[in-house]
Amino acid sequence: MAGRALARAASPVPSTATGDARIPVLKTYKLFVGGAFPRTESGRSYLVSAADGLPLANACRASRKDLREAVRAARGASAGWAARTAMNRGQILYRVAELMEGRADQFTAEVAAAEGLAVHAARATVGRAIDRWVWYAGWADKIAQVLGSANPVAAPYFVFTVPEPTGVVGIVAPETSSLLGLVSRLAPVLVGGSSVVVLASGSRPLPAITLAEVLATSDVPGGVVNILTGHREELVPVLAAHVDVDGLDGWGIPDDLRTAAEISAADSVKRVARRPAGASDARFDWLDDRATERPEWIAAFLEMKTVWHPIGV
Amino acid sequence: MSNDRALAPSAGRAPASWGLGDGQAIPWEYAAAPESRDVVRLRERYGLFINGRDVDSWDGGSFVSVDPSTEEPLAEIAKATPQDVDRAVRAARRAQRRSWGDLPGRERAKYLFRIARILQERSREFAVLESMDSGKPIRESRDVDVPLAAAHFWYYAGWADKLEYAFPGRVARPLGVAAQVIPWNFPLLMLSWKIAPALAAGNTVVLKPASTTPLTALLFAEVCRQADLPPGVVNIVPGPGAIGMAMVSHPDVAKVAFTGSTEIGKLIQKAVAGSGKALTLELGGKAANIVFDDAALDQAVEGIVNGIYFNQGEVCCAGSRLLVQESVADDLIGRLKDRLATLRVGDPLDKNTDVGAINSRAQLEKITELVASGVAEGAELYQPACDLPDRGFFIRPTLFTNVAQSHRIAKEEIFGPVLSVLTFRTPAEAIEKANNTAYGLSAGIWTEKASKVFAMVQAMKAGVIWANTFNRFDPTAPFGGYKESGFGREGGMHGLHAYVRLEDR
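As structure tokens, this is what we get:
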């Protein structure tokens, strides 16, 4: 790579086209942990290339220690996030959509570069990602009414069942769909009230870090979302085995790591969500609202709590 | 201790203790009230139930189920082999594809209603057999296990033709063959929790009862025949744990449901890892039963007793850790000891028996070992001075005070009539201690203050919370755990979810 300059990942407009001689400021892509943007403690990075092979930027290659720090941050933020009122959580996630809208051009450029999409296709993808936040945000104060129940037991007790967040969920984001796929898996877990540690797409990690910048400036409390970039073969086993992770979304786990990850997950009886049978990461249609806007994806990381109380005077 | 003191409240106020709980026997006697065993006609030998028929095991092997209250053998039972598992799974798969899966929901419902009715009709037979095989008191098998088992079939029967209302916007499809492995503490009830929702949703099942309690499952096979259930829809393969692993690992099984220990649950989760099989686990527990100083203490005592001595404490959701607010601890423990002194331990078939036999020698040894660890680690043991039968697997109801959170009896699931008492000062401390466990199945809260009930309900990391009651169950009420107590729910609409694949409408 010697002598080959990093392309600008963040601008839809090449600087030379503007005709001025200004040298652009390149962005350093870092991790997102506990609401801050640290570099990896390991000091490692890896070169991220665009779909056309041009170098885009260096991304942090997170270490096991970074992952443990991210889990610690998620656990720390977990109780507070779970305790937010449903309406408040909904508004916070809606605000993520608001902020993404304002940065739509930046996301479009990054997604186009990362995924090799034409600008109009990238713009459609970004628009759908924004809409997906809106769709899931709206569930915040409805999911309990759809999934909860009043239970007519055959005895004088008042008995009801309510969903509660699972806690800390590890999300192995889709590898191919760097932004829309990530948002489609992240939003349902967040709206359910869990906090998360995300392993961003390994080969296309940059839009996830830009999403982190949106999350950092929205009202999502620090630590509720933590995003790591790096090598999956290095990080997935650690995430799957971490005993303070309550659930694992294994959508993006490469096939050769999947069984081992699920075996590790069993050591702490993690709830595991998977890609539907037959679905491929590379060919999944994230633009399909029917396939991706699913209350089941929220329910995957909810726990049902049943409460009994006697009726009497 | 004289009766004078026991019967004379001091200073016009009920004393903290009536004086019974000082280790002496209760000063009155009960007449025996045995339930007749005649209603049960035991066969000398039971086969496996595969494809609607009573068949021998592939290698002709068998094992014996004993009555844990007498240690006498009850019957010889064919011991399933992996070849039998394969036969059973193939029968279930054929039935799912050829008859059951395509049967309209309203017709499936009628079979389930039939089963519910037959269970009700033969309830006494089931209750007596359950108590003989498991050691649980007839009062419980008669009033809890069997009626609830029938109620589960009744409840899920009604869902079989209404699945579209359980999952709005989705079409619920059966998963296929369900492999179900159940424990020995509620043999018939766990069977019904597993089979009823599976069948309602259009699945067929291969079920393995525990090796110490196979008899009511095999009597249930007779019920299936009486109901004219199509062959292969329900298959029952008694055998050791290895047979359970063969079932869950079978490639033609689409769904695995397990109730049992967390240790085995983890092995099962590993066995199905990467297979894409649907899995629900209902595992162990170490429930906190929390009594505040503003609780109705006498009611709390009943709830504590029901929480830990019901079914000899062989209950995954048993209230095995009593957390009592320090200011009422002495009072409550005094009342509790009094109450323990009145518990009747003995013949499971006696209608007065409160605490029956421990299910097996192995389980009794495990309990005894943990009780010894409690003493060795410095907790203070209390057992009432009741007589135990000469034969059989019995242990006195046991209570430990001065228990620290680090003691094994405060951390490990004992699965026996052993209560560990800890104290707390503030609600925050109660929450901290209650949640300080890898388990999260159930919890109890005792206070007369409603807002405190709900604050505690929200704070407890547990799937079932009983407030001012304990150990209540109903087919309409979802049951299952948080954390290492498992995932998925049994009961209610949520219980159906474990047995369906949702497709877009």
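Taken in sequence, the protein lines are chains F and S. Here this note's numbering = 1-based position in the first sequence + 9. Here this note's numbering = 1-based position in the second sequence + 1155. The beta carbon of each residue, even a glycine, is placed where N, CA and C say it ideally should be.
Would you decide whether residue i is buried or exposed? Buried here means 16 or more other CB atoms lie within 10 Å of its CB.
i, result
"T94 (chain F)", "exposed"
"H129 (chain F)", "exposed"
"L1543 (chain S)", "exposed"
"Y1320 (chain S)", "exposed"
"V1388 (chain S)", "buried"
"T1624 (chain S)", "buried"
"W90 (chain F)", "buried"
"N97 (chain F)", "exposed"
"F167 (chain F)", "exposed"
"P1395 (chain S)", "exposed"
"L63 (chain F)", "exposed"
"T1581 (chain S)", "exposed"
"V252 (chain F)", "exposed"
"I32 (chain F)", "exposed"
"V22 (chain F)", "Because the pLDDT of V22 (chain F) is 49, which lies under 50, any placement of that residue in the model is unreliable, and the number read from its coordinates should be weighed accordingly. With fewer than 16 other Cβ atoms within 10 Å, it is exposed."
"Y1537 (chain S)", "buried"
Let me make sure I understand the geometry here. Which of the options has the alpha-carbon closest to that of residue i?
i, options, result
"E1639 (chain S)", "S:A1593, S:A1243 and S:K1604", "S:A1593"
"S1430 (chain S)", "S:A1450, S:V1403 and S:Q1454", "S:V1403"
"S1475 (chain S)", "S:G1599, S:P1544 and S:S1482", "S:G1599"
"E1568 (chain S)", "S:G1440, S:V1361 and S:R1208", "S:G1440"
"L1519 (chain S)", "S:I1232, S:D1407, S:P1572 and S:A1372", "S:P1572"
"G321 (chain F)", "F:P214, F:L189, F:V207 and F:P165", "F:P165"
"E1199 (chain S)", "S:S1191, S:F1218, S:W1183 and S:D1214", "S:F1218"
"R1668 (chain S)", "S:E1524, S:D1222, S:R1580 and S:E1658", "This structure does not reach residue 1668 (chain S), given that chain S is present from 1156 up to 1660, and the question cannot be answered."
"A149 (chain F)", "F:P174, F:A133, F:I139 and F:A131", "F:P174"
"I101 (chain F)", "F:G231, F:L189, F:L296 and F:T315", "F:G231"
"K1363 (chain S)", "S:G1256, S:C1472 and S:G1415", "S:G1415"
"R1380 (chain S)", "S:Y1266, S:E1437 and S:Y1311", "S:Y1266"
"A182 (chain F)", "F:S72, F:D298, F:M109 and F:V234", "F:V234"
"D1257 (chain S)", "S:G1646, S:A1243, S:T1359 and S:R1294", "S:T1359"
"D298 (chain F)", "F:I272, F:L189, F:G176 and F:V223", "F:L189"
Residue i to residue j, Cα distance in whole Å?
i, j, result
"Y55 (chain F)", "G239 (chain F)", "8 Å"
"V1299 (chain S)", "R1660 (chain S)", "40 Å"
"L257 (chain F)", "S1254 (chain S)", "37 Å"
"K279 (chain F)", "D61 (chain F)", "39 Å"
"G111 (chain F)", "R104 (chain F)", "11 Å"
"A1235 (chain S)", "K1607 (chain S)", "51 Å"
"G1324 (chain S)", "K1291 (chain S)", "44 Å"
"V1427 (chain S)", "E1418 (chain S)", "15 Å"
"R70 (chain F)", "V1576 (chain S)", "50 Å"
"T1371 (chain S)", "A1382 (chain S)", "16 Å"
"K1425 (chain S)", "L1596 (chain S)", "21 Å"
"E1457 (chain S)", "K1588 (chain S)", "22 Å"
"K151 (chain F)", "W306 (chain F)", "14 Å"
"F1634 (chain S)", "E1280 (chain S)", "27 Å"
"T170 (chain F)", "M313 (chain F)", "6 Å"
"Y145 (chain F)", "R1644 (chain S)", "24 Å"
"C1471 (chain S)", "R48 (chain F)", "46 Å"
"A1246 (chain S)", "V1378 (chain S)", "18 Å"
"E1285 (chain S)", "L1434 (chain S)", "28 Å"
"S193 (chain F)", "I1522 (chain S)", "49 Å"
Which class does residue i belong to by DSSP, given the choice of helix, strand or coil?
i, result
"R1656 (chain S)", "strand"
"L1477 (chain S)", "strand"
"R1160 (chain S)", "Unreliable placement is indicated for R1160 (chain S), whose pLDDT of 40 sits below 50; the coordinate value is still reported in the next sentence. Helix."
"G44 (chain F)", "coil"
"Q115 (chain F)", "helix"
"I1106 (chain S)", "No information on residue 1106 (chain S) is available, as it lies outside the stretch 1156 to 1660 that chain S covers here."
"W1621 (chain S)", "strand"
"R1325 (chain S)", "strand"
"Q1430 (chain S)", "One detail in the question is off: residue 1430 (chain S) reads as Ser in this sequence, not Gln. If DSSP states are grouped into helix, strand and coil, S1430 (chain S) belongs with coil."
"V1283 (chain S)", "helix"
"T1414 (chain S)", "strand"
Could you name the residues that DSSP lists as bridge partners for residue i?
i, result
"P174 (chain F)", "F:L311"
"V234 (chain F)", "F:V205"
"Y1537 (chain S)", "S:L1554"
"Q1275 (chain S)", "Per DSSP, none; premise fails for Q1275 (chain S)."
"T1359 (chain S)", "S:V1332"
"R241 (chain F)", "According to DSSP, R241 (chain F) bridges with nothing at all."
The ligand COA and residue i: does any heavy atom of the ligand fall closer than 6 Å to the residue's C-beta?
i, result
"I101 (chain F)", "Inclusion of the ligand COA in the displayed structure is not the case, the ligand content being empty and no account of it being possible."
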